[in-house]
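> Below is a structure I'd like to ask you about.
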Amino acid sequence: MIPPSTRLVAALDLGSTKVAAVIGEATGDIRSPGVKILGVGLERTPGIRRGVVRDIEETTRAITKAMKDAQLMAGVEVGTVYCGVAGEHVAGRSSHGVVSVTGAEIRTADVARVNDVASNVSYGRDHELLHAIPQDYLVDQQADVTDPIGMTGSRLEAEVYLVTVLSSALQNLRKCVERAGYHVGEFVLEPLGSSLATLTPDERDLGCALVELGGGSTHVSVFHGGKIRHSASLMFAGSHVTNDIVHGLQVTQLDAERIKHRFGAAYEPLVAEEDTFELQSTPGQGPRVAHRRVLAHIMRMRLQEILELAADELSRAGYQQRLPAGIILTGGGAQTPGIVELAREVFALPVRSGEPGENLTGLVDSVDTPRMAVGVGLTLFGAKQVALGSAFGAGGRRSPAVEKVLVPVMRWLQEFF
Ligand SMILES: Nc1ncnc2c1ncn2[C@@H]1O[C@H](COP(=O)(O)OP(=O)(O)OP(=O)(O)O)[C@@H](O)[C@H]1O
Ligand SMILES: [Mg+2]
């Protein structure tokens, strides 16, 4: 049976190595939204680098192909998608606001006002606000108020987490999606998506860090007290591991990527000393074999460096000692055998890899890898909006002009995180 279009949710993860499209049907209710996975499309592409479009034609082609495959698998057509955003052009920071309360008790309008004051800061040239996520409220200097509505007090303060993006980067992503024939219903910070797909409520509450090992960049985000508290992007990721293999084993980029997936490991003790594999060679090089231990050594050196940079980021943000639920690894790099063992050594914290699975039904086996965390998470984000009654409905096609009026880029994520 074809689900009603108001319950359809579609998502695009525009990564440095691939475009992933996920189509699902929102299930569950507001307390526990879920998604029935209907279709998935994956297309390799070099069109985007660290969240910035490098080649519009190529990215449009990849989006068209990934969406077509996902729709064919799902047996439905969609017009509007949730689209992930990440990269160095994305910045997150906390901001503080204060207002005086005029009535006898705090009303919704007072909360909206204090949120507005907190987010009314300069974002820097060419940047715009993507998300404003209320974190904590203080009433007459009493902290840890989660919902101040109805309380008595004369001074209301808010701590809001603001996520800003480079406007032109967003416009170019939107351009590619529209050229492929779809509309962006909403842009969503990628780690927010991944967190919905992989973190348990307890992890988010106790304190944990999500480390997304992508192809072009590594994203580090911190969740504490149920909310996102910090988010940063590091310049080193899977493509650097591949480059090291190119130089270390004298193979082409394509062969290095293939070898990494087939024989790679991030932890030498996991690989038997005598294990070898054949290397592709030029006629001049002649037949060659390499030890898997050597490959594991090359990969471990780079992955350890990346994880150490992530650990430094957590220390700088002041969270290294406040992550009892440990580290959750997502992204393609989290699929490297031995990465969990290596990360346990580096962080000296509990570590696990984050496979989407919770709150999912349907074709779950098509998305239950760390690499699909963003795409799946964005559909769960959509399902939550369906439950809240504020989704745009993936099935309906609107003209781009109408879309811009209906959906502002920034939306308060009060109910979300
Ligand atoms: N089984 C595997 N073993 C080792 N590495 C892997 C494996 N699967 C994927 N990768 C690596 O993961 C990286 C791609 O990850 P991912 O798909 O999360 O990145 P992306 O979303 O395209 O890029 P980004 O998020 O950085 O823009 C590549 O470097 C790829 O080689
Ligand atoms: Mg990615």
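Each residue of the sequence shown is one higher than the last, beginning at 937 in the numbering used here. Yeah, the Cβ is synthetic: ideal placement off N, Cα and C, and Gly gets one too. Computed from a predicted model, the values in this text were never measured in an experiment.
Which residue spans inside the segment 1041 to 1129 form an unbroken beta strand (DSSP E) run of at least 3?
Here the runs fully enclosed are 1063 to 1075, 1078 to 1081, 1091 to 1102, 1119 to 1125.
> Within 6 Å: the Cβ of Arg1049 and any heavy atom of ligand 1?
Outside the cutoff, so no.
> Should Gly977 be listed as close to ligand 2, given that the test is whether its C-beta is under 6 Å from any heavy atom?
Not under cutoff, so the answer is no.
> Between which two residues does the beta strand (DSSP E) carrying Pro969 extend?
969 to 980 is the span of the beta strand (DSSP E), which, as asked, contains Pro969.
> Given a cut-off of 7 Å, decide if Leu1132 and Gly1313 are closer than it, judged by their beta-carbon atoms.
A contact, by the Cβ cut-off of 7 Å.
> Is it a yes or a no for the segment 1019 to 1026 touching the segment 1114 to 1124, going by three-plus beta-carbon pairs under 8 Å?
Yes: the two stretches touch, three or more of their Cβ pairs being nearer than 8 Å.
> Distance, Cα to Cα, Gln1071 vs Asp1080?
Taking the straight line joining both Cα atoms gives about 9 Å.
> Measure from the alpha carbon of Pro1273 to the alpha carbon of each residue in Leu1250, Gly1254, Tyr1203, then state which is nearest.
Cα-wise, what sits closest to Pro1273 is Tyr1203.
> Roughly how far, in whole angstroms, is the beta-carbon of Ala1201 from the beta-carbon of Leu1243, given that I think they are within contact range, below 8 Å?
Not a contact, Cβ separation roughly 15 Å.
> Say yes only if the C-beta of Arg1307 is nearer than 6 Å to one or more non-hydrogen atoms of ligand 1, and no if none qualify.
It does: the Cβ of Arg1307 is within 6 Å (strictly closer) of some heavy atom of ligand 1.
> May I ask you to list the residues that DSSP assigns as paired with Leu1149?
Beta-bridge pairing links Leu1149 to Thr1154.
> Using CA atoms only, rank isn't needed, just tell me which of Asp991, Asn1051, Ile1195, Leu1316 is closest to Asp1180.
Among Asp991, Asn1051, Ile1195, Leu1316, the Cα nearest to that of Asp1180 belongs to Ile1195.
> Suppose contacts are defined by Cβ-Cβ distances below 7 Å. Is His1025 in contact with Ala1054 by that definition?
In this structure, Ala1054 does not lie closer than 7 Å to His1025 by Cβ.
> Kindly examine ligand 1 and report whether one of its heavy atoms sits closer than 6 Å to the Cβ of Ser1157.
No, the Cβ of Ser1157 stays beyond 6 Å of every heavy atom of ligand 1.
> Answer yes or no: do Phe1317 and Gly1150 have a C-beta to C-beta separation smaller than 7 Å?
No, these two residues do not count as a Cβ contact at 7 Å.
> Hey, would you say the C-beta of Glu1131 is under 6 Å away from at least one heavy atom of ligand 1?
The residue you asked about is not Glu; residue 1131 is Ser in the sequence shown. Every heavy atom of ligand 1 is 6 Å or more from the Cβ of Ser1131, so no.
> In this structure, does DSSP put Ala962 in helix, strand or coil?
DSSP places Ala962 in strand when its eight states are reduced to three.
> So, helix, strand or coil for Leu1299, using DSSP?
Leu1299: coil per DSSP, three-state reduction.
> Of the residues Val1120, Ser968, Arg943, Gln1007, which one's Cα is nearest the Cα of Leu950?
Residue Val1120 is the option with its Cα nearest to Leu950.
> Would Ser1157 be called buried (16 or more neighbouring beta carbons within 10 Å of its own) or exposed?
It is buried - the Cβ of Ser1157 has at least 16 other Cβ atoms within 10 Å.
> Does Ala1253 come out as helix, strand or coil in the three-state DSSP assignment?
Note: Ala1253 maps to coil in three-state DSSP.
> Pull every residue with its beta-carbon under 5 Å away from any heavy atom of ligand 4, and keep them in chain order.
By its list of ligands, the structure shown excludes ligand 4, since it contains just ligand 1 and ligand 2.
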